[in-house]
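For the protein sequence lines, the chains are A and B, in the order given.
For the first sequence, numbering that gives the first Met the number 0 gives the first residue as 0, with consecutive numbering after it.
For the second sequence, numbering that gives the first Met the number 0 gives the first residue as 0, with consecutive numbering after it.
Quick notes on the structure that follows.
2 protein chains.
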Amino acid sequence: MSMSRQPARSPSAEGALAILEAAESLFAEKGFDGASINDIAHRAGVSKANIFHHFTSKKGLYLAVLKRAVAHSAGILAKGPPPADPAQSDRRLKQFFSEHLDALLEQPETTRLILREVLENGSESGQSLAEGIFADYFTRLVGWVRMGQEAGWLRGGFDPALLAFTLIAVNVHFFQALPILQHLPGAGFAFDSKTFSEQIFGLLMDGAGASSNVWEEEA
Amino acid sequence: MSMSRQPARSPSAEGALAILEAAESLFAEKGFDGASINDIAHRAGVSKANIFHHFTSKKGLYLAVLKRAVAHSAGILAKGPPPADPAQSDRRLKQFFSEHLDALLEQPETTRLILREVLENGSESGQSLAEGIFADYFTRLVGWVRMGQEAGWLRGGFDPALLAFTLIAVNVHFFQALPILQHLPGAGFAFDSKTFSEQIFGLLMDGAGASSNVWEEEA
DNA sequence: GTCTATAGCTGGATAGAC
DNA sequence: GTCTATCCAGCTATAGAC
């Protein structure tokens, strides 16, 4: 019946924010089990007990962190005008592709946190949390592709969801394989995300196959 | 100076194999910190102490598991004839793409274990372990693509490593995003990996853009 | 809201019998 | 090679003063 505190949600206090930030970086680095409350308290500059004052449990803290990360991620992805104008949608798609990769690379902690959550798929509560933005995001992207097909600057005859999926897959995999790519022979593109983005987009648009027409044009 | 035991490597005993298998599945499920020696011992049907008899430490066990997974993975990927014959390389590339996805899906624990390792990139020892097969694998794949370009059934003008990367990225992301994809509106392809593979490959070959030539052909 | 102190338990790892 | 019994460090979480 008491009304003297507002636990768990709405971390208005300064301490709570420090906790959230410390927790995000540590959960992203070491995972849920690897990061201890002690670590988090120390990095946040608060006491262990204070964490349990603001958040009900370690899991509660983790969910709060995840929720904040997802919201942050969604905020970045949602920016930019809705693609109401089909005439501009071609530029928007390429722009999205590049900006999406930038967003992943600029927020590595948030990205890693969410990628971890996807990979675990044991924590059901976070799953549904993440699916919320993914569904919205993916649906919008599919819409852009379909619009491009209708406007004629993308060819028809393929499922727009396939291209949307491929765009995301390439960026996500670039992010997570980066440290390995940079040690791989022949993968020089791993050192310049800007030209990587442009070249991959071009490849996806033009295709890798020697469509007989291109031949004749050059011959 | 004693020669009465062969610790850590060459798990010839029955118990050691049970431990390795239990550990692989638990590490894949919960990660290094999430899986406890107690869990592993219980699932393997042995005592905690027996684990430390066969493996020097938890980390030693983890590395043994990872090594085994990588070897297993490499075994699968290495099978099939080397692409000595350029004339057949076009079929090989499409076949690789499909088989690669099958391998990922059929060995989900191994796949998850290695993906985790890639994502963590804090465990340096495993990093170099994994890079070994990745480098070999990737180099071979790039070779196939380049061969295709020289043979003429792939167009020139793009970095072969880009296509190799994209093929792997699409498959890996399909694997790890599968549980989410299946809840996503419009992503019906998530339920049939076979046709997914074919359609994506077609998209990558033909491209998504409306290359002006295709227009004229159909008109 | 924040702290110190501590409860209660589980983690990885070891000793030593069989 | 396998076990039981044990050590102790570290963990999450709570109690209660300020």
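Heads up, the beta-carbon is just placed ideally off N, CA and C, and yes, glycines get one too.
Quick check: the Cα distance between B:L177 and B:Q106, rounded to an integer number of angstroms? 14 Å
Run of the alpha helix (DSSP H) containing B:T55, from where it starts to where it stops: Element bounds for B:T55: n/a, residue is neither H nor E.
B:H71 to A:G147, Cα distance in whole Å? 43 Å
Just how far apart, CA to CA, sit A:S56 and A:F31? 12 Å
Could you confirm whether any beta carbon from chain A is found closer than 7 Å to the beta carbon of B:H182? yes
Using a Cβ-Cβ distance cut-off of 7 Å, determine whether B:H172 contacts chain A. yes
Does the separation of the CB atoms of B:A160 and A:G185 fall below 7 Å? yes
State yes or no: is the beta carbon of A:L62 nearer than 7 Å to at least one beta carbon in chain B? no
Measure from the alpha carbon of A:M180 to the alpha carbon of each residue in B:L112, B:F51, B:E28, B:A134, then state which is nearest. It should be pointed out that residue 180 of chain A corresponds to Leu in this sequence rather than to Met. Here the closest residue by C-alpha is B:A134.
Residues near B:R42 in its chain [Cβ-Cβ closer than 8 Å; skip 5 each side]: A21, S24, L25
Own chain, CB closer than 7 Å to A:E108, minus 5 neighbours either side, in chain order: E23, S24, A27
Exposed or buried, which one is A:N37 when buried takes at least 16 other CB atoms within 10 Å? exposed
Span separating the alpha-carbon of B:A77 from that of B:Q198: 25 Å
Could you name the residues of the stretch 153 to 164 of chain A whose beta carbon sits closer than 9 Å to any beta carbon of chain B, in the order they occur along the chain? L153, R154, G155, G156, F157, D158, P159, A160, L161, L162, A163, F164
B:T138 versus A:E13, A:F96, A:I39, A:G187, residue with shortest Cα-Cα distance: A:G187
Return helix, strand or coil for A:G131, following the three-state DSSP convention. helix
To the nearest angstrom, report how far apart B:A12 and B:L114 are at their CA atoms. 29 Å
Below-7 Å beta-carbon distance, A:A186 vs any chain B residue: yes
Exposure of B:F190, with buried meaning 16 or more beta-carbon neighbours within 10 Å: exposed
Which of the three DSSP states is assigned to A:L76 in this structure? helix
With a CB to CB cut of under 6 Å and the five nearest residues on each side skipped, what residues in its chain are close to B:V45? G14
Establish whether the CB of A:E130 and some CB of chain B are separated by less than 7 Å. yes
Could you tell me which whole alpha helix (DSSP H) segments of length 4 or greater appear in the stretch 20 to 44 of chain B? 36 to 43
Starting from the beta carbon of A:I199, find every residue of chain B whose beta carbon is closer than 7 Å, and list them in chain order. L161, T165
Going straight from the alpha carbon of A:L103 to that of B:S97, what length do you get? 28 Å
Under a three-way DSSP split, which group does A:G208 fall into? strand
In angstroms with no decimal places, state the Cα-to-Cα distance between B:M204 and B:L162. 10 Å
Proximal chain A residues relative to B:D205, where beta-carbon distance stays under 7 Å: G206, G208, S210
Secondary structure of B:L183, DSSP reduced to three states: coil
Consult DSSP for A:E216 and reduce its assignment to one of helix, strand or coil. Any reading at A:E216 must be qualified, since the residue scores a pLDDT of 41, below 50, and its modelled position is unreliable; the value itself is stated next. The answer is helix: DSSP assigns A:E216 an H, G or I state.
Does the beta-carbon of A:R90 have 16 or more other beta-carbons within 10 angstroms, so that it is buried, or is it exposed? exposed
At 8 Å on the CB atoms, spell out the chain B contacts of A:R111, in chain order. L118
So which residues of chain B does A:Q175 contact, with C-beta pairs closer than 7 Å? V117, L118
Anything in chain A within Cβ reach of B:L114, meaning under 7 Å, just list it in chain order. L118
I want to see whether chain B comes within less than 7 Å of A:V45, judged by CB atoms only; does it? no
Suppose you measure from the CA of A:H99 to the CA of A:Q175; what does that come to, to the nearest Å? 14 Å
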